[in-house]
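As structure tokens, the structure follows; a few thoughts come after it.
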Amino acid sequence: MNIIIVDDDRLISKSLKMMLSKEKDIEVFGVANDGAEGVELCEKTKPDIVLMDIRMPHMDGIQATRIIKREHPHIQVMMLTTFQDKDNIKRALQAGAGGYLLKTDKITHIAEKLRLLYKGTSILDQTVLKTITHPEIPLKEKLTPREVEVAHWVAEGLTNKEISETLHLSEGRIRNILSIIMGKLEVKNRNQLSAIINKNKII
1 MNIIIVDDDR LISKSLKMML SKEKDIEVFG VANDGAEGVE LCEKTKPDIV
51 LMDIRMPHMD GIQATRIIKR EHPHIQVMML TTFQDKDNIK RALQAGAGGY
101 LLKTDKITHI AEKLRLLYKG TSILDQTVLK TITHPEIPLK EKLTPREVEV
151 AHWVAEGLTN KEISETLHLS EGRIRNILSI IMGKLEVKNR NQLSAIINKN
201 KII
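full-length UniProt numbering numbers the first residue of the sequence shown as 1 and each following residue consecutively.
Laid out in structure tokens, this is it:
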């Protein structure tokens, strides 16, 4: 089974390549750093499976999956991401992904699911299944009132220092709250947080 890895986090890509290469029946053909590179690498190497992240610069994993499945229907795509919201799962499956796993899964679990996908079995992580079969909690309900306040000011473009002065909290406290918010909403940076805040009208 030949695979390529598409992820903008080079450390994760390197780790995945190293660990998956230890599996006797898996050969990693190459690594791409964004969706566009992934599409190009597929064209060059014609892998059996693409292990694809979702949120990446230039071209995200869902758009790349759509192109890959259109140009190379025989290539399977396994999404491997930290994001498990219904919207991403639905969009990934609609784009043609044959599987959806989380980066928190053990490498042995990922390898086994790759084998199943290679044999033609669609794969959804159990946590992902729960996400799409249980009612989704509104984003605002995931945050405490204080976290909603901080998220609001981030979306307004304030710096941590400005937020700390506005809310009369230390910058360290603001950083901690911001880290918790990003974890709950599954975003990587302030821009993504602002986008999701404004899109979902949390404030």
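Backbone N, C-alpha and C fix where the C-beta goes; we use that ideal spot for every residue, glycine too.
Comparing the CB of residue i with every heavy atom of the ligand ATP, is any distance shorter than 7 angstroms?
i    : result
S179 : In the structure on display, the ligand ATP does not appear, and there are no ligands present to speak of.
Please classify residue i as buried or exposed, where buried requires at least 16 other C-beta atoms within 10 Å of its C-beta.
i    : result
P47  : buried
S21  : exposed
L80  : buried
L114 : buried
L178 : buried
Can you tell me where the beta strand (DSSP E) with residue i in it begins and where it stops?
i    : result
A32  : E27 to A32
I2   : As written in the sequence, residue 2 is Asn, which differs from the Ile given in the question. Note, N2: beta strand (DSSP E), N2 to V6.
G120 : Looking at the DSSP string, G120 is not in any beta strand (DSSP E), and its letter there is neither H nor E.
L51  : I49 to M52
Taking the alpha helix (DSSP H) that residue i belongs to, which residues open and close that run?
i    : result
M18  : R10 to L20
M182 : E171 to L185
G99  : G99 -> not in any alpha helix (DSSP H); beta strand (DSSP E) instead, spanning G99 to L102.
L158 : From DSSP, L158 is part of no alpha helix (DSSP H); its letter is neither H nor E.
T65  : G61 to E71
T45  : G35 to T45
L93  : K86 to A95
Beta carbon of residue i, beta carbon of residue j: below 8 angstroms?
i    : j    : result
I54  : Q76  : no
K184 : E171 : no
E186 : T65  : no
Would you tell me roughly how many angstroms separate the C-alpha atoms of residue i and residue j, rounded to the nearest one?
i    : j    : result
T121 : I5   : 20 angstroms
I107 : I196 : 30 angstroms
T159 : V150 : 10 angstroms
K119 : E27  : 16 angstroms
Y100 : R175 : 31 angstroms
G61  : A155 : 25 angstroms
N191 : L102 : 23 angstroms
S144 : R70  : It should be noted that the sequence gives Thr, not Ser, for residue 144. Roughly 43 angstroms separates the two Cα atoms.
K142 : K44  : 43 angstroms
H58  : H168 : 38 angstroms
G35  : F29  : 16 angstroms
R146 : I163 : 12 angstroms
M56  : R91  : 15 angstroms
D9   : M52  : 12 angstroms
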